[in-house]
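Participant: This note's numbering numbers the first residue of the sequence shown as -11 and each following residue consecutively. Don't be surprised by glycine CBs; every beta carbon is placed ideally from N, CA and C. I'd like to ask you about the structure that follows.
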Amino acid sequence: MLPSTIRSKHSNSSQYLNRFYKFGVKKIDMRFSFIRSNHSAKVSSRVICFLLLITILVNSSTITIATFDTNTPIIGQKIHSNIIIDWNNLITELGIKEKLSPPEFARVYALVHVAMYDSLLAAATNREEYSATFDNKSFYVSSIAEAASTVLNYLFPNHSDEIDKLKSIQIGQVQNYDDNNLSIQSGQMLGHRVSQAVIDHAKTDNSNLLWNSTKTLPVKNQKCTWNGSNPINPMAGFWKTYILKSGSEVQPEIPTQCNSEADLQDVRETYDTSKNRTPKHNAAIHYWGDKPPPVVWNNILNQHIQKYNMSILQVAYSSVYLNVGMYDGFVSCWYTKYNYWTARPFQRIGNITTEIPTPNFPGYTSGHSVISMVASRVLGEIFPDERDYFKGQAIEAALSRLLAGIHFKQDIINGIDQGDKVAEKVVDDMHKPIHPFIYGS
């Protein structure tokens, strides 16, 4: 759940708000009209397996909507949530144009959202350094726009026109509040400092590690080993994480032994499933498969942001934890993939048909399963009344990969468990005192 409703077993809401005051944020009140459900959303593997063997969970037609208290001023005054959504949409647009892989997409989302979140916290902290006539809205918006645009220009140097255009639009919308441009200039200076810290992090996050195929190609049983070429992001399991200590911190059990009875049963079930797809199955396969999972989950969050009229800080908090969580989930998953190098169904079943192309990396564990479980747990904390809805979406995302014929069942089930364990650490961090991720951390 969002900050003001996060309570430990030994604190109450007023104690939590004091954490903001100590941080320098003096006019933040993010209370909702609901109270936090207890912090226990771990998924039962037995229940998951049962659901996987039965059917896809489709979207519920009736969703309980949490009611937000939008009457209380946020950081002095209301700032429209589209400030952050617009940057999120631009990340999506540029990532699709550049054909980013799922881990690369998650990395970009995380870096930019960390920049916006850290700049917002830094702006709230540094607000008291300025005069009483200082305009809050211009200061906050310009700091966010500068931080996001600078990081995006670093990540997408060939798209400066689109990036700078959005920055100009956002700053232009608040110029009427700042007669002498002092607030805007100060906000941009702060946003630039934050962005430089984030860029320094990006330069050293191991995303530029080179893969030496002569040393890391698997030498295991070739029948059950991934045997493709030019695998995608083979070093992503060693990228620096935000909340996890490393990609190796959360790992699943060892895959089933090749050609064991359990392994052969999994192969048979995968083949049988591929022969019995329905139009409903195919719709789910394409919903979750036509775009990388970080894009789909960010779209889901953005829909909820607009539905509930969330404040700028609520949006920043929700978005940063969703994207940092998914990024850490990808690093954990990719460490697994290139540790075991397990084959995909088409590499073991010659006559299997797939509904969508098989991604060019090993199968175990399923990225959609890991990432979607992390996303559903994070969103379930933010919107507790919709926890079951998000969990259903995660199961659908995971099962869609089995139905598509591109994953074995053990990739799915153990991926869900792995994602749940990653999510547990992310949710634990959400329950800690509010903190920046890079700037001032």
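(1) Mind reading off the beta-carbon distance from V319 to G235? Whole number of angstroms is fine, and I expect it under 8 Å.
(2) Is it buried or exposed, R336, if we count other Cβ atoms within 10 angstroms and call 16 or more buried?
(3) Let me check one thing: in DSSP terms, what residues is N330 bridge-paired to?
(4) If you reduce the DSSP assignment to three classes, tell me which class R365 lands in.
(5) Is the separation between the beta-carbon of S107 and that of I71 shorter than 8 Å?
(6) Distance, Cα to Cα, F226 vs N77?
(7) Less than 8 Å between the C-beta atoms of K228 and N194, yes or no?
(8) Tell me where the alpha helix (DSSP H) around R265 begins and ends.
(9) Quick check on the burial criterion: 16 or more other C-beta atoms within 10 angstroms. Buried or exposed for H356?
(10) Looking at C-alpha atoms only, which residue of D376, E374, S388, P281 is the closest neighbour of T80?
(11) Excluding sequence positions up to five away, which residues of its chain have a Cβ less than 8 Å from the Cβ of Q245?
(12) Within 10 Å of its beta-carbon, does R256 have 16 or more other beta-carbons around it, so buried, or fewer, so exposed?
(13) Report the three-state DSSP secondary structure of T285 (helix, strand or coil).
(14) State the start and end residues of the unbroken alpha helix (DSSP H) segment that holds H433.
(15) Run through the region 141 to 209 for me and flag every whole alpha helix (DSSP H) of 4 or more residues, listed as ranges in chain order.
(16) Mapping the DSSP letters down to three states, classify T80 as helix, strand or coil.
(17) So is E249 buried or exposed if we call it buried at 16+ other beta carbons inside 10 Å?
(18) Is the CB-CB distance between V182 and A135 below 8 Å?
(19) Decide if D278 is buried, meaning its Cβ has at least 16 other Cβ atoms within 10 Å, or exposed.
(20) According to DSSP, is T258 helix, strand or coil?
(21) Please report the straight-line C-alpha distance between T330 and T213, rounded to a whole angstrom.
(22) Quick one: Cα of Q294 to Cα of M314, how far?
(23) Anyone know if the C-beta pair for D166 and S126 falls short of 8 Å?
(24) What does a CB cutoff of less than 6 Å around L109 pick up in its chain, not counting 5 residues either side in sequence?
(25) Just the Cα atoms here: how many angstroms apart are G393 and D376?
(26) A304 and M104 look like a contact to me (Cβ under 8 Å); what is the Cβ gap, rounded to whole Å?
(27) Closest by CA to G403, which one among K325, R265, V366, I426?
(28) Under a Cβ-count criterion, where at least 16 other Cβ atoms within 10 Å of its own Cβ denotes burial, should E374 be classed as buried or exposed?
(29) Tell whether a beta-carbon distance below 8 Å holds between A450 and S354.
Facilitator: Here's the rundown:
(1) Here V319 really is in contact with G235; their C-beta atoms are around 4 Å apart, less than 8 Å.
(2) Buried: at least 16 other Cβ atoms inside 10 Å.
(3) The identity of residue 330 in the sequence shown is Thr, whereas the question assumes Asn. Answer by DSSP bridge pairing, in chain order: T213.
(4) Here R365 sits in helix by DSSP.
(5) Contact flag unset, no.
(6) Their backbone Cα atoms lie some 28 Å apart in a straight line.
(7) A contact, by the Cβ cut-off of 8 Å.
(8) Taken as a continuous stretch (DSSP letters only), R265 belongs to no alpha helix (DSSP H), as it is neither H nor E.
(9) Sixteen is the threshold: when 16 or more other Cβ atoms of the shown chains lie within 10 Å of the Cβ of H356, as they do, the residue is buried.
(10) Each of D376, E374, S388, P281 was checked against the Cα of T80, and the nearest Cα belongs to P281.
(11) Here the set comprises D251.
(12) Exposed is the call here.
(13) The residue asked about is misnamed: residue 285 is Trp in this sequence, not Thr. W285 falls in the helix class under three-state DSSP.
(14) As shown, the chain starts at -11 and ends at 429. That puts residue 433 outside it, with no answer to give.
(15) Inside the region 141 to 209, DSSP marks whole alpha helix (DSSP H) runs of 4 or more residues at positions 148 to 160, 170 to 191, 201 to 204, from first to last along the chain.
(16) The three-state secondary structure of T80, taken from DSSP, is helix.
(17) Flag for E249 reads exposed.
(18) A distance below 8 Å separates the beta carbons of V182 and A135.
(19) Here D278 is exposed: its Cβ has fewer than 16 other Cβ atoms, across all protein chains shown, within 10 Å.
(20) Secondary structure of T258 (DSSP, three-state): helix.
(21) Approximately 5 Å between the Cα atoms of the pair.
(22) Taking the straight line joining both Cα atoms gives about 21 Å.
(23) Yes, the Cβ-Cβ distance between D166 and S126 is below 8 Å.
(24) Here the set comprises P424.
(25) For G393 and D376, the distance between alpha carbons rounds to 26 Å.
(26) Contact flag correct, Cβ pair sits at about 6 Å.
(27) Nearest C-alpha to G403 among K325, R265, V366, I426: K325.
(28) Buried, by the Cβ-count rule.
(29) Beyond the ends of the chain as shown, which are -11 and 429, falls residue 450; an answer cannot be given.
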